[in-house]
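So the structure is just underneath, and the comments pick up after that.
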Amino acid sequence: MQTAVLCMDIVGLIVLAIFFYRVDKRITGRVILLAPLIIYIALCLEDLLGVIDFATVLASPALMRTFILLFVLFSVIFYITFIFHRIALSVNKEVQLKSTVIRIFSATVMCILFFMVVYTSIYKTFGESAFMGDNIGKSLISQLISFLYFSVATFATVGYGDIRPVDDTSRLVVIMEVLFSFVTVAYALSMIGVFRQIFKEEPLGGPLGGPGNDPVKSDGGEESDEGIEEI
């Protein structure tokens with residue numbers, strides 16, 4: 001029975017991914033940012049409501065920890081890819097730089113919320129063997145607030161120390177959030193102008209996916225101001 005439910009989950013996740021892809025194409029690029037968050041929450045709710053017992057399906061705690069780490073890793077890669085893809089698209093004169101910055105900010109907020117849910121699920125699953133701290137709380141709401149605070153503090157690399165990871169799984173997840181913070185704030189946003197120039201020079205279909213028309217070459221050496229948006 002558990003295996004059948006797990007197979008249905010896999011099919012459902014594929015359908016959900018296709019849905020988010022189509023919605024992203026038709027409505028807005030910010031919708032797809034919800035995908036990792038909603039998928040992870042759905043899996044946690046299934047376990048919480050007893051629809052599927054992941055502790056039984058994933059025979060050992062090591063498999064459970066591996067599943068969590070892989071899901072978080074692919075989600076972080078997804079968010080980073082989204083950010084650099086939006087920077088590449090911002091080279092196009094139809095995409096304003098302000099819109100790109102807003103979408104990067106949206107990706108950052110979604111990733112912070114995603115890590116909040118991940119930290120809470122790790123704490124609910126493994127208890128104080130994963131996280132230790134003062135006043136984390138007994139209720140789900142208190143724990144969500146505590147780990148939202150911890151996620152924001154980790155992203156900002158503040159590190160007050162009142163909540164701290166104490167096992168390898170939680171520490172690796174924290175490392176991935178710190179790396180995402182570095183790539184987003186210290187790298188992508190601070191060097192957005194440099195990346196726009198790199199993507200601008202990259203030919204269409206190249207590894208960085210930038211457009212192939214160089215305004216300097218196409219205008220006979222005179223760079224046009226057309227299509228330059230205000231920040």
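So for the sequence shown, full-length UniProt numbering puts the first residue at 1; every next one is plus one. From the three backbone atoms N, C-alpha and C, an ideal C-beta is built for every residue, glycine too.
Residue nearest to residue i in terms of C-alpha spacing, selected from the options
i	options	result
residue 181	156, 168, 169	156
residue 130	102, 178, 168, 136	168
residue 102	117, 86, 112	86
residue 45	151, 140, 184	140
residue 71	179, 183, 43	43
residue 149	179, 183, 176, 109	109
residue 183	138, 82, 125	82
residue 80	65, 69, 111	111
Own chain, CB closer than 6 angstroms to residue i, minus 5 neighbours either side, in chain order
i	result
residue 120	143, 144, 147
residue 209	No answer about residue 209 holds up, because its pLDDT of 48 lies below 50 and its placement is not dependable.
residue 134	162
residue 151	112, 115, 116
residue 84	none
residue 138	none
residue 185	none
residue 126	none
Buried or exposed (CB count within 10 angstroms, at least 16 for buried), residue i
i	result
residue 105	exposed
residue 115	buried
residue 61	exposed
residue 123	buried
residue 107	buried
residue 136	buried
residue 38	exposed
As assigned by DSSP and simplified to three states, the class of residue i
i	result
residue 159	coil
residue 133	strand
residue 149	helix
Residues of its chain near residue i, where Cβ-Cβ distance is below 8 angstroms and the 5 sequence neighbours each way are ignored
i	result
residue 165	130, 131, 171, 173, 174
residue 281	Since the first residue shown for the chain is 1 and the last is 231, residue 281 is missing from the structure and cannot be characterised.
residue 128	166
residue 179	76
Close Cβ partners of residue i (< 7 angstroms) along its chain, the five nearest in sequence each way excluded
i	result
residue 75	36, 114
residue 41	117
residue 63	none
residue 73	176
residue 65	169
residue 221	Bear in mind that the predicted position of residue 221 carries a pLDDT of just 45, short of 50, making it unreliable; the figure below should be weighed with that in mind. Closer than 7 angstroms at the Cβ level, and outside the excluded window around residue 221, lies no residue.
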